[in-house]
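K.L.:
Residue numbers (my numbering): 165 to 840. Built from N, CA and C at the ideal position, the CB exists for glycine as well. Sharing a structure, written as structure tokens. Questions coming.
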């Protein structure tokens, strides 16, 4: 609780609350101040709740806070009775209720702000069914649901754009650059149109050029299709070759194998699969179901604090101690036969665990083998795609290595030639720079001489006149040309392309060198990776063997420990029995009669004498009962006869009384008739 209160105070002293509390002042807050503080935190999460609680009733405040906490998915701890206590504590401003709520809210303020914002638009209004019978209300409700779904989609897209890393400044720069390129292209197109409009039959030529471009594009697409078809044909041939090789391998495997070995392999696979289906997989499924059930229970329970976890740990330790005591008591009560059975049970459990471990190892080995086979197929496919031929083996591989060595020597020679050419190119570049410097110096001298003679700018004007005359002659020639102009334009474009190629040639050379370096580095990386994989595989195999040994030793240690406990229990039992025997001997041998009476032997002898006396009395009783059995049976029979006789007399008496009553009735009837 102290950590919880300290966390709350730290968060309230930060932005945006700035309360300047310490532990003492926070703990001394009254209930209304605590409620106002909780309301301020809720108002920071949802601005609609930024109100003064003194201006509304306590029931309204509690209802408003409970509704927002329900939207934020706060789960108060405890059962239904605790929920009622939670509501009451929220109304009264109880510290044990307010402090956990503040701790939960301040832990995840940003997340709850987002949830409260979404709740404004995603909490669905429940419309009664009788109102939905109206068509207009149903249409509006449908539009409302569609808008809610659209808001969900837009919010998801907005979050994705926020997390994608694209900034608006970069997008604006790209748009501005694209607009500039668009303006430049429009200007170039306009200039070309103006230059072409002066040519005769320019529309016909443009149409011919367009058809030529379309035909070139069609030719490129056909060439691309042709290349794709060639690649598909090559891949199909490679697949056919691989399938033929696999078929040959299968034929060889079938020829070399025998029916007995095949049947043995099938039986092993069937036994392994049956073990997986009947024993291993059901156990794993049951354990997974149990773990899922426990996880669901954990999820269903409210959030737990550190104090709750400490209480649970204490309970677990107590239950474990009770279990250990019961196990020790059970082991103390074991008889030798049960102890033998327990030993056998332990051995059976150890064997079953080893069997499960071996089954898991076998399954893991099979999965690893399938993964390695899959990787091998992928590597072979990559090799086929890169090299275009089968993986070499034996003498072919040696021949290929020799060929690579010869190519390597040839490559080194060419590389030396390239180095010489680059050195010569550097020398020529340096001579070009020197000539340019000399030309500039001569130009400066010429300009100085012109300044001295008073004709400065003569050479420049002469060059300009020559250039203008050349331009004029070019314009005159351009007016007289029709189709030649277009051919010259094509030549210029070709020269420009050639110049671009020439300017890009050193870059391409550097790129080739870098590619060669990259290939060398990738080859070295692959070699290092192979070494690493082999070393890792060896270490992994060593680790697995060590783990198996450790498991075996742990199991042996557990078995020895159980045997040790069992032997200790048996030793204790024997010591107790021996102590009892010593006490019995001591009591039996002692001259004191009181001590002798305490002996078990004396007690049993007394009990035997008492039982013998009781047996004598019972036999005498049996004898008396046998002697009086005959007269008693006669007396019982006489009493039964006497009872029957008395029953007969009673019946006769009842019949006689009935007859006398009937006769009196008849006589009274006759007298009445005579009187009449």
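(1) With DSSP as the reference, label residue 501 as helix, strand or coil.
(2) Grab me the residues of residue 515's own chain with a C-beta within less than 6 Å of its C-beta, minus the 5 sequence neighbours each way, in chain order.
(3) Taking only runs that begin and end inside the region 346 to 373, name each unbroken alpha helix (DSSP H) of 4 or more residues, in chain order.
(4) Could you tell me whether the region 302 to 318 touches the region 336 to 343, using the rule of 3 or more Cβ pairs below 8 Å?
(5) Between which two residues does the alpha helix (DSSP H) harbouring residue 197 extend?
(6) With respect to the alpha helix (DSSP H) encompassing residue 190, which residues constitute its N-terminal and C-terminal limits?
(7) Under the three-state reduction of DSSP, which class applies to residue 272: helix, strand or coil?
(8) According to DSSP, is residue 593 part of a helix, a strand, or is it coil?
(9) Using the beta-carbon count (16 or more within 10 Å), is residue 225 buried or exposed?
(10) List the whole-angstrom C-beta distance separating residue 763 from residue 748, where the pair is believed to meet the contact cut-off of C-beta under 8 Å.
(11) Determine the DSSP secondary structure at residue 216, reduced to helix, strand or coil.
(12) Following the continuous alpha helix (DSSP H) through residue 224, name the residue where it begins and the one where it ends.
(13) Locate the alpha helix (DSSP H) running through residue 782, then write down its first and last residues.
(14) Check the C-beta distance from residue 176 over to residue 265 and give it rounded, since I have them as a contact under 8 Å.
(15) How about residue 195 and residue 257: are their beta carbons less than 7 Å apart?
(16) Where does residue 178 sit, in a helix, a strand or coil, going by DSSP?
(17) Quick one: Cα of residue 180 to Cα of residue 213, how far?
(18) Within this structure, are the beta carbons of residue 276 and residue 230 separated by less than 7 Å?
(19) Please classify residue 238: does DSSP put it in a helix, a strand, or coil?
(20) Nearest-angstrom Cα distance between residue 535 and residue 346?
(21) Write down the C-beta distance between residue 232 and residue 216 rounded to the nearest angstrom, noting that I regard them as a contact closer than 8 Å.
(22) Pull up the CB-CB distance for residue 267 and residue 200, whole angstroms please, since I reckon it's below 8 Å.
(23) Between residue 577 and residue 369, what straight-line distance do the alpha-carbon atoms span, to the nearest angstrom?
(24) According to the Cβ coordinates, are residue 240 and residue 250 closer than 7 Å?
(25) Measuring only the C-alpha atoms, how far is residue 414 from residue 407?
(26) How many whole angstroms separate the CB atoms of residue 751 and residue 739, which I take to be in contact at a CB cut-off of 8 Å?
(27) By the 10 Å Cβ neighbour count, where 16 or more other Cβ atoms means buried, how is residue 280 classified, buried or exposed?
(28) Within 10 angstroms of its Cβ, does residue 185 collect 16 or more other Cβ (buried), or is it exposed?
(29) For a test of the three-state rule: what should DSSP assign to residue 754, helix, strand or coil?
(30) Where residue 354 and residue 387 are concerned, what is the direct C-alpha to C-alpha distance, given to the nearest angstrom?
(31) Assess contact between the region 437 to 450 and the region 519 to 530, defined as three or more Cβ pairs (one per stretch) separated by less than 8 Å. Is contact present?
(32) Among 273, 546 and 712, whose alpha-carbon lies nearest the alpha-carbon of residue 518?
(33) Answer with buried or exposed for residue 173, where buried requires no fewer than 16 other C-beta atoms within 10 angstroms of its C-beta.
(34) Can residue 295 and residue 287 be called in contact, C-beta distance under 7 Å?
(35) Less than 8 Å between the CB atoms is what I'm expecting for residue 170 and residue 187, so what's the real figure, rounded?
P.N.:
On the basis of the data shown:
(1) Position 337 of the chain shown holds residue 501. Confidence in residue 501 is poor, its pLDDT being 46 and thus under 50, which makes the residue's placement unreliable; the coordinate value appears in the next sentence. Look at residue 501 here: in three-state DSSP terms it is helix.
(2) Start at 1 with the first residue of the chain shown, and residue 515 comes out as number 351. Excluding sequence neighbours, residue 515 sits near nothing in its chain.
(3) Contiguous alpha helix (DSSP H) elements confined to the region 346 to 373 do not occur, taking only those with 4 or more residues.
(4) Contact fails: fewer than three Cβ-Cβ distances are below 8 Å.
(5) As a working note, residue 197 is residue 33 in the chain shown. For residue 197, the uninterrupted alpha helix (DSSP H) segment begins and ends at 195 to 209.
(6) Within the chain shown, numbered from 1, the residue matching residue 190 stands at position 26. Going by DSSP, residue 190 is part of the alpha helix (DSSP H) stretching over 187 to 191.
(7) Mapped onto the chain shown, residue 272 falls at position 108. Taken through DSSP and simplified to helix, strand or coil, residue 272 comes out as coil.
(8) Position 429 of the chain shown, counting from 1, holds the residue named residue 593. It is helical.
(9) Here residue 225 corresponds to residue number 61 of the chain shown, with the count starting at 1. Classification of residue 225: buried, given that the 10 Å Cβ count is 16 or more.
(10) In the chain shown, the residue the question calls residue 763 occupies position 599. In the chain shown, the residue the question calls residue 748 occupies position 584. That pair is a contact at about 6 Å.
(11) Within the chain shown, numbered from 1, the residue matching residue 216 stands at position 52. Residue state, collapsed to three classes: coil.
(12) Taking the chain shown and counting its residues from 1, one reaches residue 224 at position 60. Run containing residue 224: 222 to 235, per the alpha helix (DSSP H) assignment.
(13) Along the chain shown, one-based indexing puts residue 782 at 618. Taken as a continuous stretch (DSSP letters only), the alpha helix (DSSP H) holding residue 782 covers 764 to 791.
(14) One-based indexing of the chain shown puts residue 176 at position 12. One-based indexing of the chain shown puts residue 265 at position 101. That belief does not hold up - the Cβ atoms of residue 176 and residue 265 are roughly 13 Å apart, past 8 Å.
(15) Locating residue 195 in the chain shown gives position 31, counting from the first residue. Locating residue 257 in the chain shown gives position 93, counting from the first residue. Note that the C-beta distance between residue 195 and residue 257 is below 7 Å.
(16) Working through the chain shown from its first residue, we reach residue 178 at position 14. Per DSSP, reduced to three states, the secondary structure at residue 178 is coil, with no helix or strand assignment.
(17) Along the chain shown, read from residue 1 onward, the residue named residue 180 stands at position 16. Along the chain shown, read from residue 1 onward, the residue named residue 213 stands at position 49. Linking residue 180 to residue 213 through their CA atoms gives a straight-line distance of about 16 Å.
(18) Position 112 of the chain shown, counting from 1, holds the residue named residue 276. Position 66 of the chain shown, counting from 1, holds the residue named residue 230. With respect to residue 230, residue 276 sits apart: the two C-beta atoms are not nearer than 7 Å.
(19) As a first step, residue 238 is located in the chain shown; it is residue number 74 there, counting from the start. DSSP places residue 238 in coil when its eight states are reduced to three.
(20) Your numbering for residue 535 matches position 371 in the chain shown. Your numbering for residue 346 matches position 182 in the chain shown. Residue 535 and residue 346 have their alpha carbons spaced roughly 53 Å apart.
(21) Translated into the one-based positions of the chain shown, residue 232 becomes position 68. Translated into the one-based positions of the chain shown, residue 216 becomes position 52. No, residue 232 and residue 216 are not in contact; Cβ-Cβ is about 16 Å, not under 8 Å.
(22) The sequence position of residue 267 within the chain shown is 103, counting from 1. The sequence position of residue 200 within the chain shown is 36, counting from 1. The pair is not a contact, with the Cβ atoms about 17 Å apart (cut-off 8 Å).
(23) For the purposes of this step, residue 577 is identified with residue 413 of the chain shown, where counting begins at 1. For the purposes of this step, residue 369 is identified with residue 205 of the chain shown, where counting begins at 1. Rounded to the nearest angstrom, the gap between the Cα atoms of residue 577 and residue 369 is 52 Å.
(24) Residue 240 sits at position 76 when you count from the first residue of the chain shown. Residue 250 sits at position 86 when you count from the first residue of the chain shown. Going by C-beta atoms, residue 240 is nearer than 7 Å to residue 250.
(25) The sequence position of residue 414 within the chain shown is 250, counting from 1. The sequence position of residue 407 within the chain shown is 243, counting from 1. Straight across, the Cα-Cα distance linking residue 414 with residue 407 is about 10 Å.
(26) Walking along the chain shown from the start, residue 751 turns up at place 587. Walking along the chain shown from the start, residue 739 turns up at place 575. With 8 Å as the limit, residue 751 and residue 739 do not qualify as a contact, their Cβ atoms being about 19 Å apart.
(27) Indexing the chain shown from 1 puts residue 280 at position 116. So residue 280 counts as buried.
(28) Position 21 of the chain shown holds residue 185. Around the beta-carbon of residue 185, 16 or more other beta-carbon atoms lie within 10 Å, marking it buried.
(29) For the purposes of this step, residue 754 is taken as residue 590 along the chain shown, with counting starting at 1. For residue 754, the secondary structure class from DSSP, reduced to helix, strand or coil, is coil.
(30) Along the chain shown, one-based indexing puts residue 354 at 190. Along the chain shown, one-based indexing puts residue 387 at 223. The C-alpha of residue 387 is placed about 34 Å away from the C-alpha of residue 354.
(31) Yes, the region 437 to 450 is in contact with the region 519 to 530.
(32) Mapped onto the chain shown, residue 518 falls at position 354. The candidate whose alpha carbon is nearest that of residue 518 is 712.
(33) Working through the chain shown from its first residue, we reach residue 173 at position 9. It is buried - the Cβ of residue 173 has at least 16 other Cβ atoms within 10 Å.
(34) Numbered from its first residue, the chain shown carries residue 295 at position 131. Numbered from its first residue, the chain shown carries residue 287 at position 123. Taking 7 Å as the Cβ cut-off, residue 295 and residue 287 do not qualify as a contacting pair.
(35) Here residue 170 corresponds to residue number 6 of the chain shown, with the count starting at 1. Here residue 187 corresponds to residue number 23 of the chain shown, with the count starting at 1. Right, their Cβ atoms sit about 7 Å apart.
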